[in-house]
Amino acid sequence: MNHMTEEELIAYREGEASQRAEIAGHLADCKECRAEMDRIDAVLAALDTLRVPDPGADYGRRVWQQIAPRLAERPMRWWQTWLEPRRLGALGGVAALIITAFIIGRITKPVGKGDNIATTEQVRERVLVVAVGEHLGRSEMMLVELSNAEPGASKPKQINISSEQRRAEDLLEENRLYRQTASEAGDAGLASVLDELERVLLDVAHSPDKVTPAQFEAIQKKIEAQGILFKVRVVKKDLQQRQEAAKPTPAQNDSKNRERNKA
Amino acid sequence: MNRMQQSVESAQAIAASDAIAVERTLAGDRDAFRVLVERHSPNVFRLAYRMTGNRHDAEEVVQEAFLRSYQKLGQFAARANFGTWVYRIAANYAIDRMRQRRKEDSRRQEPGVEREDGMENNPLDQVHDPAPTPERLTQSLELRKQMEAALAALSHSERTAFVMRHWEGCGIEEIAAVLKSNSGAAKNTVFRAVQKLRQALQPFVERGPQARAMGTES
Chain A
2 MNHMTEEELI
12 AYREGEASQR
22 AEIAGHLADC
32 KECRAEMDRI
42 DAVLAALDTL
52 RVPDPGADYG
62 RRVWQQIAPR
72 LAERPMRWWQ
82 TWLEPRRLGA
92 LGGVAALIIT
102 AFIIGRITKP
112 VGKGDNIATT
122 EQVRERVLVV
132 AVGEHLGRSE
142 MMLVELSNAE
152 PGASKPKQIN
162 ISSEQRRAED
172 LLEENRLYRQ
182 TASEAGDAGL
192 ASVLDELERV
202 LLDVAHSPDK
212 VTPAQFEAIQ
222 KKIEAQGILF
232 KVRVVKKDLQ
242 QRQEAAKPTP
252 AQNDSKNRER
262 NKA
Chain B
1265 MNRMQQSVES
1275 AQAIAASDAI
1285 AVERTLAGDR
1295 DAFRVLVERH
1305 SPNVFRLAYR
1315 MTGNRHDAEE
1325 VVQEAFLRSY
1335 QKLGQFAARA
1345 NFGTWVYRIA
1355 ANYAIDRMRQ
1365 RRKEDSRRQE
1375 PGVEREDGME
1385 NNPLDQVHDP
1395 APTPERLTQS
1405 LELRKQMEAA
1415 LAALSHSERT
1425 AFVMRHWEGC
1435 GIEEIAAVLK
1445 SNSGAAKNTV
1455 FRAVQKLRQA
1465 LQPFVERGPQ
1475 ARAMGTES
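Sequences listed follow chains A and B, in order.
With our numbering applied, the first sequence has no gaps in its numbers, which climb one by one up to 264 at the end.
With our numbering applied, the second sequence has no gaps in its numbers, which climb one by one up to 1482 at the end.
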């Protein structure tokens, strides 16, 4: 058996290794791996000496005294949480977007005799198409910047990707919302690409603030290997076409629109 | 009856008692929530202190965790373990607090070792040895300083993952839920944290083995 990697030893030490018996057997036989494990143990044992101050026997009582005046008379039931100002704000934002889209639709498309009045579903889809298109554009920009970035001639020991992380975190929230909406709307293709994008965004958001050039390269390779940029571009293009197709012309009737959407 | 059985039964009794307290709180009995606060505060404080590294922030995290859990108690009703739930709320809030603290620190351009509560500021308070020699004391204090710096240098996710896994014994799934990631990514984060701590601390640990023998209570 080859020597254990640091990752395997740490996983074993933290109780996460899958082949515990094999690793234990190897450690019993291999002096080098045992010495390596001892060094890991020594660092973790040193960390265990860090003290947590005792908050005192009456700590719970003190916490209660501090929070009791701030508690409402009764906790909210699950449906009441939807009436929180934060949630109401978000719901208001979505409602405003839908209303704006509807008004724009009415202004840009005068209702004539032969025209079709957009149904709520069509408006919803149009809003989703526009919003997701913009979201994919922003995601693409972030991924392109990350993929094309070079550590530079000075070869720094660490590369700061904290700004990309923050952008990825923001995009992640939006992405979840759009993925769920696409999934509920039965758009499996879009939901699947958004799901893949979410994983990449998660990886970026949960990377360390500063990475070594090797780690940075690994992130770039991961983006490349999953072909996510290509998929994002294809879907974005498709959404643009759907947006174009959704624009009604006087000569077109509803059935023609549907045919184009399908295409 | 052996000790393990006793501890399992005791945990089950606490969970059952928590469930009753939650129901009563939802029915409008505020004193029932007091039971939950008094029972779980010390554990939540321990987690919060290890994540934030200072008492002031830890106490804020504890208060906020219980306030939020009270506000969202209606969402909890179907769940099984109040302790785990409030723990997760505290971990999430601690991450937000650490982010905010780091931003404030970088704005002030200070090294970040200054503490607000004073108690942790004095390193002598942290040493618990009946008769430390000056040399051992110096080594121990240096190691402690290095350990605190190494923990502070971890990213929020890494510190959270390490504290939850190594010190609090949380499962990978639970860590993944707090980090809003999957279990593979959570495992990697734990590994990265240990690797970084090792790189930062190994030279000091090897240099002063006796400093480790000066362990204090945890």
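By construction, the Cβ of each residue, glycine as well, lies at the ideal position given by its N, Cα and C atoms.
Residue interval of the alpha helix (DSSP H) (run including residue i)
{"i": "LYS1336 of chain B", "result": "Run containing LYS1336 of chain B: none; DSSP gives neither H nor E here."}
{"i": "ALA36 of chain A", "result": "32-48"}
{"i": "ASN1307 of chain B", "result": "1294-1316"}
{"i": "LYS223 of chain A", "result": "214-226"}
{"i": "TRP65 of chain A", "result": "60-68"}
{"i": "ARG200 of chain A", "result": "189-206"}
{"i": "ALA1441 of chain B", "result": "1436-1443"}
{"i": "THR6 of chain A", "result": "Careful: THR6 of chain A lies outside any alpha helix (DSSP H) and carries neither H nor E."}
{"i": "SER1421 of chain B", "result": "1420-1426"}
Residue i at chain A interface by Cβ criterion, 8 angstroms
{"i": "LYS1367 of chain B", "result": "no"}
{"i": "VAL1442 of chain B", "result": "no"}
{"i": "ALA1358 of chain B", "result": "no"}
{"i": "ALA1449 of chain B", "result": "yes"}
{"i": "GLU1287 of chain B", "result": "no"}
{"i": "TYR1313 of chain B", "result": "yes"}
{"i": "VAL1301 of chain B", "result": "yes"}
{"i": "ARG1361 of chain B", "result": "no"}
{"i": "GLN1364 of chain B", "result": "no"}
{"i": "PRO1306 of chain B", "result": "yes"}
{"i": "SER1281 of chain B", "result": "no"}
{"i": "THR1316 of chain B", "result": "no"}
{"i": "LEU1465 of chain B", "result": "yes"}
Contact set for residue i: own chain, Cβ-Cβ below 7 angstroms, skip 5 residues either direction
{"i": "VAL1325 of chain B", "result": "ALA1312, THR1316, ALA1354, TYR1357, ALA1358, ARG1361"}
{"i": "ARG1288 of chain B", "result": "ALA1296"}
{"i": "VAL128 of chain A", "result": "LEU98, ILE99, ALA102"}
{"i": "VAL1299 of chain B", "result": "ALA1285"}
{"i": "ALA1450 of chain B", "result": "ALA1425, ILE1436, ILE1439, ALA1440, LEU1443"}
{"i": "ARG63 of chain A", "result": "none"}
In DSSP terms, what residue i is bridged to
{"i": "ASN176 of chain A", "result": "Answer by DSSP bridge pairing: none, since ASN176 of chain A is not bridged."}
{"i": "LYS211 of chain A", "result": "A:ASN161"}
Inter-residue spacing [alpha-carbon to alpha-carbon] between residue i and residue j
{"i": "PHE1468 of chain B", "j": "LYS1409 of chain B", "result": "10 angstroms"}
{"i": "MET38 of chain A", "j": "GLU8 of chain A", "result": "11 angstroms"}
{"i": "ARG1429 of chain B", "j": "SER1305 of chain B", "result": "20 angstroms"}
{"i": "ARG234 of chain A", "j": "ARG1456 of chain B", "result": "33 angstroms"}
{"i": "GLU135 of chain A", "j": "CYS31 of chain A", "result": "56 angstroms"}
{"i": "TYR13 of chain A", "j": "GLY61 of chain A", "result": "36 angstroms"}
{"i": "GLY1347 of chain B", "j": "GLY1435 of chain B", "result": "14 angstroms"}
{"i": "GLU1422 of chain B", "j": "GLN20 of chain A", "result": "24 angstroms"}
{"i": "ASP188 of chain A", "j": "GLU1328 of chain B", "result": "40 angstroms"}
{"i": "PHE1330 of chain B", "j": "ARG167 of chain A", "result": "28 angstroms"}
{"i": "VAL1350 of chain B", "j": "SER1333 of chain B", "result": "6 angstroms"}
{"i": "PHE1309 of chain B", "j": "ALA1322 of chain B", "result": "6 angstroms"}
{"i": "GLY93 of chain A", "j": "ALA132 of chain A", "result": "16 angstroms"}
{"i": "ALA46 of chain A", "j": "PRO56 of chain A", "result": "23 angstroms"}
{"i": "HIS207 of chain A", "j": "ASP196 of chain A", "result": "16 angstroms"}
Chain-order list of residues whose beta-carbon lies under 8 angstroms from that of residue i (same chain, five-residue window excluded)
{"i": "VAL130 of chain A", "result": "LEU240, ARG243, GLN244, ALA247"}
{"i": "VAL201 of chain A", "result": "LEU144, LYS223, ILE224, GLN227, ILE229"}
{"i": "GLU199 of chain A", "result": "LEU173, ASN176, ARG177, ARG180"}
{"i": "LYS211 of chain A", "result": "GLN159, ILE160, ASN161, ILE162, SER163"}
{"i": "GLY138 of chain A", "result": "LYS237"}
{"i": "LEU1418 of chain B", "result": "PHE1426, ALA1457, LYS1460, LEU1461"}
{"i": "ARG1314 of chain B", "result": "VAL1427, TRP1431, GLU1432"}
6 angstroms CB neighbourhood of residue i in its chain, flanking five on each side removed
{"i": "LEU1461 of chain B", "result": "ALA1414"}
Contact with chain B by residue i, beta-carbon distance below 8 angstroms
{"i": "ALA12 of chain A", "result": "yes"}
{"i": "PRO209 of chain A", "result": "yes"}
{"i": "PRO56 of chain A", "result": "yes"}
{"i": "LEU72 of chain A", "result": "yes"}
{"i": "GLN67 of chain A", "result": "yes"}
{"i": "TYR60 of chain A", "result": "yes"}
{"i": "ASP204 of chain A", "result": "yes"}
{"i": "VAL53 of chain A", "result": "yes"}
{"i": "GLU199 of chain A", "result": "no"}
{"i": "GLU15 of chain A", "result": "yes"}
{"i": "GLU7 of chain A", "result": "yes"}
{"i": "VAL64 of chain A", "result": "yes"}
_By the 8 angstroms beta-carbon criterion, what residues does the segment 31-47 of chain A contribute toward chain E?_
The structure shown has no chain E; the protein chains it does contain are A and B.
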